[in-house]
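Heads up: the sequence shown runs through residues 2 to 215, numbered per the numbering used here. All C-beta atoms in this analysis are idealised placements derived from N, C-alpha and C, irrespective of residue type, glycine included.
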Amino acid sequence: MVVSNKPLQQTYPYMETSINISETKASAKGKAPLLVSSKAVVEEPKRGWKKGIAISDFLLRICAIGAALGATATMGTTDETLPFFTQFFQFQAQYNDIPDFQFFVIANAIVAGYLLLSLPFSIICIIRPFATTPRLLLVIFDIVMTGLTIASASASASVVYLAHNGNPNTNWLPICQQFGDFCQSVSGAVVGSFIAGAILMFIIVLSAFALKRS
2 MVVSNKPLQQ
12 TYPYMETSIN
22 ISETKASAKG
32 KAPLLVSSKA
42 VVEEPKRGWK
52 KGIAISDFLL
62 RICAIGAALG
72 ATATMGTTDE
82 TLPFFTQFFQ
92 FQAQYNDIPD
102 FQFFVIANAI
112 VAGYLLLSLP
122 FSIICIIRPF
132 ATTPRLLLVI
142 FDIVMTGLTI
152 ASASASASVV
162 YLAHNGNPNT
172 NWLPICQQFG
182 DFCQSVSGAV
192 VGSFIAGAIL
202 MFIIVLSAFA
212 LKRS
């Protein structure tokens, strides 16, 4: 019996005792750098524009507060007394003489108060751009406040129009010929209220884009 001292692989060249499997650097570390990198590239711009919208929302709310407060203060302090009056008659014009103007002052004061209280929620949206709950609450109340602002401004605008032009069919005389300062003040207040309403509508549009997930 002859025993060969040659290795088994040399004796039987067709046999292999090991199989070499090449590993990539990514699979050896158990990571997928390409996937992580692409995700980071997608998420970072999305977070950036959402945060930009939140900052714009905060600044617009401050502008709307100024417009609503200005309209409220202007209308609430409007008062004019004509220099000619007698012992029994005194010609004086005040905002509380007209119910539409009273509604205007109350409505714009409510809107200004709401906008002030909404600032902390707007700050939360800046810190957490992907938070949907505070943004959704703001959208709902913004829509309500926008309707209130536009309604009060529209009602007052109709009265201001009659004060400037009157109505010959009903024998309503234009009072702005006598109460010029009064009409100028209430007209400015109505314009300020419309500006606040326009800002609120723009805020709602921005919030709709911020709520968009894609």
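- prompt: Are at least three pairs of beta-carbons, each pair with one atom in the region 162-169 and one in the region 103-118, less than 8 Å apart?
  reply: Counting Cβ pairs under 8 Å, fewer than three are found: no touch.
task: Taking all protein chains shown into account, decide if P121 is buried (16 or more other Cβ within 10 angstroms of its Cβ) or exposed.
output: Within 10 angstroms of the beta-carbon of P121 lie fewer than 16 other beta-carbons, which makes it exposed.
- request: Out of D80, A158, S208 and K52, state which residue places its alpha-carbon closest to the alpha-carbon of I128.
  value: K52
query: Rounded C-beta distance between G198 and T147? I'm assuming under 8 Å.
result: 6 Å
task: Express the C-alpha separation of F104 and S123 in angstroms, rounding to a whole number.
output: Spanning the alpha carbons of S123 and F104 requires a straight line of approximately 28 Å.
- prompt: Cα separation between T73 and F183?
  reply: Cα-Cα distance, rounded: 15 Å.
task: Could you tell me whether the Cβ atoms of V224 and A154 are closer together than 7 Å?
output: Since the first residue shown for the chain is 2 and the last is 215, residue 224 is missing from the structure and cannot be characterised.
- prompt: Is the Cβ-Cβ distance between I176 and A164 less than 7 Å?
  reply: yes
message: Could you pull the DSSP bridge partners for Q95 from this structure?
response: Q95 is bridged to D80.
query: Cα-Cα, which of Q95, D98, A69 and R136 is closest to I56?
result: R136
message: As an exercise, report each continuous alpha helix (DSSP H) stretch of at least 4 residues that is fully enclosed by the region 109-181, in chain order.
response: 134-166, all fully within the region 109-181.
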